[in-house]
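K.L.:
Residue numbers (full-length UniProt numbering): 1 to 221.
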């Protein structure tokens, strides 16, 4: 059953939320090949130029500033991928679903979240983090989310544009996926919708499944 997602924060951001059921997650390398090709394209196009000169890189930085995170101290995941691409550093495959997500994050230059929907307990609230909001993150560090933009279920925070929790991570046993594409408040909503649709289609093409829902959630005014 799909969760209901709603926004309860005035932090200026948008989130495209996608639900896909019956996905098949494996270690097949097609998605990783697409990620690698995208990285090579950036390296070729922007050879000899700084990361700040890359078209579109400012959106994720603007998002982080808007939600109270200094992007010079905590680099957006999309920019971290871009930095590796520009320097020709090796990228790493995780699984087919995460690889699609990383491909889209690098392609769109926006942070993404990929969650096992069956590990999410009840409905989801996008809210401002409380002092109690923290979790063991995918980088094996405990992250504090006080005053941050967070995704929370009945058991507390499980996701954010910075890094996601281990609790709702996808793996080879994942069958239902919740995908999130994060953007600043003034990001073109039509562009965000198009990118979310492309994100969903890439997952469907490479991981199978059926699209259950796709919606854009915006800040409470």
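We put the beta carbon where it would ideally sit given N, CA and C, even for glycine.
Quick caveat: nothing in here was measured; it's all calculated off a predicted structure.
What is the DSSP secondary structure of residue 113, reduced to helix, strand or coil?
P.N.:
Reduced to three states, the DSSP call for residue 113 is strand.
K.L.:
Hey, how far is the Cα of residue 150 from the Cα of residue 157?
P.N.:
Cα-Cα distance, rounded: 6 Å.
K.L.:
Contact between the region 3-17 and the region 212-221 is defined here as three or more beta-carbon pairs at a separation below 8 Å; is this criterion met?
P.N.:
A contact exists between the region 3-17 and the region 212-221.
K.L.:
Confirm, please, whether the CB-CB distance from residue 39 to residue 114 is below 8 Å.
P.N.:
No, Cβ-Cβ distance for residue 114 and residue 39 is not below 8 Å.
K.L.:
Which same chain residues, not among the five before or five after residue 185, have their C-beta less than 8 Å away from its C-beta?
P.N.:
These residues qualify, in order along the chain: 12, 13, 14, 66, 218 and 219.
K.L.:
In the DSSP assignment, what residue or residues form a beta bridge with residue 14?
P.N.:
Looking at the DSSP assignment, residue 14 forms a beta bridge with 183 and 218.
K.L.:
Beta-carbon separation of residue 152 and residue 124 under 8 Å?
P.N.:
Yes; because the gap between Cβ atoms is below 8 Å, this pair is in contact.
K.L.:
Might you give, ordered along the chain, the residues of its own chain that have their beta carbon closer than 7 Å to the beta carbon of residue 29, omitting 5 neighbours on each side?
P.N.:
Excluding positions up to five away in sequence, the list reads 93.
K.L.:
If you compare alpha carbons, which of 140, 138 and 134 is closest to residue 146?
P.N.:
Residue 146 has its Cα closest to that of 134, out of 140, 138 and 134.
K.L.:
Let me see if you follow: with CB-CB separation under 8 Å, is residue 8 close to chain D or not?
P.N.:
No chain D appears in this structure, which consists of one protein chain only.
K.L.:
Just how far apart, CA to CA, sit residue 160 and residue 48?
P.N.:
The straight-line gap from Cα to Cα measures roughly 33 Å.
K.L.:
Thinking just about the alpha-carbon of each residue, which of 50, 188 and 76 is nearest to the one in residue 61?
P.N.:
Nearest C-alpha to residue 61: 76.
K.L.:
Under a three-way DSSP split, which group does residue 45 fall into?
P.N.:
Helix, per DSSP.
K.L.:
To the nearest angstrom, how far is it from the Cα of residue 106 to the Cα of residue 175?
P.N.:
Near 24 Å, if we compare the C-alpha coordinates of residue 175 and residue 106.
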